[in-house]
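Q:
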Amino acid sequence: MNMYDLIMKKKRGAELSCEEIEWMITGYTKGMIPDYQMSAMLMAICFNGMSTEETKNLTISMADSGDRLDLSEIRGIKIDKHSTGGVGDKTSLVLAPLVASLGVPVAKMSGRGLGHTGGTIDKLESFTGFSTSLSTEQFIRNVNDIHIAVAGQTANLAPADKKLYALRDVTGTVDQMSLIASSIMSKKLASGADGIVLDVKSGDGAFMKDEASAIDLAQEMVGIGKLAGKKMAAVISDMDQPLGYAVGNVLEVKEAIDTLKGRGPEDLEELVLTLGTYMVLMAKHAETAEQARKMLETALFDGSAFETFCRFVEAQGGQDKEARNPELLPKASIIREVSSIKGGYVEKIMTEEIGRISLLLGGGRETKESEIDLTVGIVLMKKRGDCVREGEPLAVIHANDEEKFSAAAERLRKAYLITDERPAQVNLIKNIIF
Ligand code: URA
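Just so you know, my numbering puts 54 at position 54 of the sequence shown, and the rest follows in order with no gaps.
Encoded structure:
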């Protein structure tokens, strides 16, 4: 076999066999297939797609590219959660400790920022010393001790995804259903949780721009997971505007901490409670959805979710004092409002553009080697349906460079569509797939 022939085959729209996919993933993981050939293959997949059979084979090859974690020493039904990626999506930062505070073992594998979307690991690294490079022993110990651990792909866990993820991020090949499904599910299959709850985003700020393609993606992932014997649920949620108000690593951590203290934005809180309900039910810590939700609400408002978060930050090398006093987290040097040039109602926020503005400020990677600036980003002051007067602030930009601030401010104004009539409300939770 050779990579050139496989690229040509996919370019012409043919189906790759199980052996061809396995050969390609093994060769790429071992460094025998160069990035430029894999980039061409990824682009061919973006143009011509993959069948369900190809997606399943790709997922299994990627999951088997490294070790499969044995988490059998963790007591109870271990639950993981994953998002398909959105703007301002700090859900995991709240959800994982909240669910863990009820004693549910949360064994979570997370990723870094991808395309215009942020990543949980980058956000958590806002805490001085925080590390997601845990040995398997430490991961298991933390879940047994405090019911939560979040790890990146540092161990030999789905190394094919680790390489492909970084390559897709910088080659414009993120937003393809089979590539997203195999990326997420390979990590989940390799990471050994018993139940997986997926947050599949749909809308302008998501990789799946409409509900129908988000449902297809959810069904594909739920199907792959069930085939592998996992308990699965997928919630399709709205990403036609950023989740909450903050976009950018440190800024999102602060909003997550507010939410863990029961003072979070309504949409973020609702999403966390919905996803959490399925996690608690899967782990058999409640008998009904109503009971699960009540338990979650109590933990969010009585301080136990926040206490678990502080313990989790400390257990992974971070500073608990920064979690307790987020003002100690680093800040950008320029923090300035951007005002509206028009009055009316916010009809639409171009959400992918908001994510791209955050990248422009330095919050994401331009190349695989780029360092990100954790302090920059945007805090929205107006969201869909809000009334805005001419001259009123739309958002606050956090920047470390005057030129970048000006470019970001100009683009931000254009990212708001303001009209005379209040737009209809949109449901946050669009669908649930089992
Ligand atoms: N999250 C992942 O882990 N992979 C993707 O491709 C998208 C979101």
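The C-beta atom is built at its ideal place from N, Cα and C for all residues, glycine as well.
(1) Would you mind working out which of T375, S101, G31 and K162 sits nearest K188, comparing C-alpha positions?
(2) Provide the residue(s) that pair with A149 in DSSP beta bridges, ordered along the chain.
(3) Given a threshold of 16 other Cβ atoms within 10 Å of its Cβ, counted over all protein chains shown, does L328 qualify as buried or as exposed?
(4) What three-state label does DSSP hand D302 in the structure shown?
(5) Please check the pair I433 and V222, which I expect to be a contact at CB under 8 Å, by giving their CB distance rounded to whole angstroms.
(6) How would you call V439, buried or exposed, if buried means at least 16 neighbouring beta carbons within 10 angstroms?
(7) To the nearest angstrom, how far is the alpha carbon of E314 from that of G276?
(8) Assuming T523 contacts V150 under a Cβ cut-off of 8 Å, what Cβ separation, rounded to an integer in Å, is found between them?
(9) Check the C-beta distance from F204 over to K231 and give it rounded, since I have them as a contact under 8 Å.
(10) Let me confirm a value: C310 is counted as buried when at least 16 other C-beta atoms fall within 10 Å, else exposed. Which label applies?
(11) If we count the other Cβ atoms within 10 Å of its Cβ and call it buried at 16 or more, is R12 buried or exposed?
(12) Would you report the Cα separation of S183 and D216, rounded to the nearest angstrom?
(13) What ranges does the alpha helix (DSSP H) occupy inside the stretch 166–193, keeping only unbroken runs of at least 4 residues that lie completely in it?
(14) Which one or two residues does DSSP pair with I431 in a beta bridge?
(15) Which parts of the stretch 41–121 are runs of the alpha helix (DSSP H), unbroken and 4 residues or longer, counting only runs that do not cross its ends?
(16) Heavy atom of ligand 1 less than 7 Å from the Cβ of L114, yes or no?
(17) Which residue wins for smallest C-alpha separation from R168, given the options I236, I180 and T351?
(18) Is it buried or exposed, K284, if we count other Cβ atoms within 10 angstroms and call 16 or more buried?
(19) Return the chain-ordered list of same chain residues with a C-beta closer than 6 Å to the C-beta of G111, the five sequence neighbours on each side being excluded.
(20) Any idea which residues DSSP pairs C387 with across the strands?
(21) Is any non-hydrogen atom of ligand 1 found closer than 7 Å to the C-beta of I180, if you look at the structure I gave you?
(22) Count the other CB atoms, across all protein chains shown, that sit within 10 Å of the CB of S358; report buried if there are 16 or more and exposed otherwise.
(23) Alpha carbon to alpha carbon, how far is D67 from M8?
(24) Leaving out the 5 sequence neighbours to the left and right, which residues in its chain are closer than 8 Å to G152 when beta-carbon positions are compared?
(25) Closer than 6 Å by C-beta to A289: which residues in its own chain qualify, once you throw out the five before and the five after it? Chain order, please.
(26) Relative to the C-alpha of E269, which candidate in K78, M282 and T298 has its C-alpha closest?
(27) If distances are taken between C-alpha atoms only, which option among L93, K81 and S101 comes closest to E125?
(28) So, at 6 Å on beta carbons, what are the nonlocal neighbours of A305 in its own chain, with the 5 sequence-adjacent residues on each side left out?
(29) Would you call the stretch 46–57 in contact with the stretch 76–87, where contact means no fewer than 3 C-beta pairs closer than 8 Å?
A: Working from what's here:
(1) Here residue 188 refers to the residue found at position 188 of the sequence shown. When only C-alpha atoms are compared, the closest one is K162.
(2) As a first step, residue 149 must be located in the sequence shown, where it is residue number 149. According to DSSP, which records beta bridges pairwise, A149 is partnered with A107.
(3) On the sequence shown, position 328 is the one that residue 328 refers to. Exposed.
(4) Here residue 302 refers to the residue found at position 302 when the sequence shown is read from its first residue. Of the three classes helix, strand and coil, the one that applies to D302 here is coil, per DSSP.
(5) Position 433 of the sequence shown, counting from 1, holds the residue named residue 433. Position 222 of the sequence shown, counting from 1, holds the residue named residue 222. Contact flag correct, Cβ pair sits at about 6 Å.
(6) Outside the shown range of the chain (1 to 434) lies residue 439, about which nothing can therefore be said.
(7) Taking the sequence shown and counting its residues from 1, one reaches residue 314 at position 314. Taking the sequence shown and counting its residues from 1, one reaches residue 276 at position 276. Cα to Cα, E314 sits roughly 23 Å from G276.
(8) Nothing about residue 523 can be read from this structure; the chain reaches only from 1 to 434.
(9) Within the sequence shown, residue 204 is the residue found at index 204, counting from 1. Within the sequence shown, residue 231 is the residue found at index 231, counting from 1. Looking at the sequence provided, one finds Asp at residue 204 rather than Phe. At roughly 31 Å, the Cβ-Cβ gap does not stay under 8 Å, so D204 and K231 are not in contact.
(10) As a working note, residue 310 is residue 310 in the sequence shown. Counting of Cβ neighbours within 10 angstroms places C310 among the buried residues, the total reaching 16 or more.
(11) For the purposes of this step, residue 12 is identified with residue 12 of the sequence shown, where counting begins at 1. Flag for R12 reads exposed.
(12) By one-based count along the sequence shown, residue 183 stands at place 183. By one-based count along the sequence shown, residue 216 stands at place 216. Answer to the nearest angstrom: the Cα atoms are 16 Å apart.
(13) Runs of the alpha helix (DSSP H) inside the stretch 166–193: 177–190.
(14) One-based indexing of the sequence shown puts residue 431 at position 431. This sequence places Asn at residue 431; Ile is not what is there. Answer is I236, bridged to N431.
(15) For the stretch 41–121, whole alpha helix (DSSP H) runs of length 4 or above, ordered along the chain, are 52–63 and 91–100.
(16) Residue numbering aside, residue 114 sits at position 114 when the sequence shown is read from its first letter. Yes.
(17) Start at 1 with the first residue of the sequence shown, and residue 168 comes out as number 168. Nearest C-alpha to R168: I180.
(18) Numbered from 1 along the sequence shown, position 284 holds the residue referred to as residue 284. Its Cβ having fewer than 16 others within 10 Å, K284 is exposed.
(19) In the sequence shown, counting from the first residue as 1, residue 111 sits at position 111. Around G111: G119.
(20) In the sequence shown, the residue the question calls residue 387 occupies position 387. Partner(s): Y345.
(21) Residue 180 sits at position 180 when you count from the first residue of the sequence shown. It does: the Cβ of I180 is within 7 Å (strictly closer) of some heavy atom of ligand 1.
(22) In the sequence shown, residue 358 corresponds to position 358, counting from 1. Looking at its Cβ environment, which holds 16 or more other Cβ atoms inside 10 Å, S358 is buried.
(23) Walking along the sequence shown from the start, residue 67 turns up at place 67. Walking along the sequence shown from the start, residue 8 turns up at place 8. Straight-line Cα distance between these residues: approximately 31 Å.
(24) As a position in the sequence shown, residue 152 is number 152, starting the count at 1. The residues are M109, S110, G111, R112, I121, T132 and S133.
(25) Along the sequence shown, one-based indexing puts residue 289 at 289. If we look at A289 and ignore the five residues flanking it on each side, its Cβ neighbours are T277.
(26) On the sequence shown, position 269 is the one that residue 269 refers to. Nearest option by C-alpha distance: T298.
(27) Numbered from 1 along the sequence shown, position 125 holds the residue referred to as residue 125. Comparing Cα-Cα distances from E125 to each of L93, K81 and S101, the minimum goes to L93.
(28) The residue labelled residue 305 in the question sits at position 305 within the sequence shown. For A305, where only same-chain residues beyond five positions count, the Cβ hits under 6 Å are P97, L98, S101, L260 and A299.
(29) no
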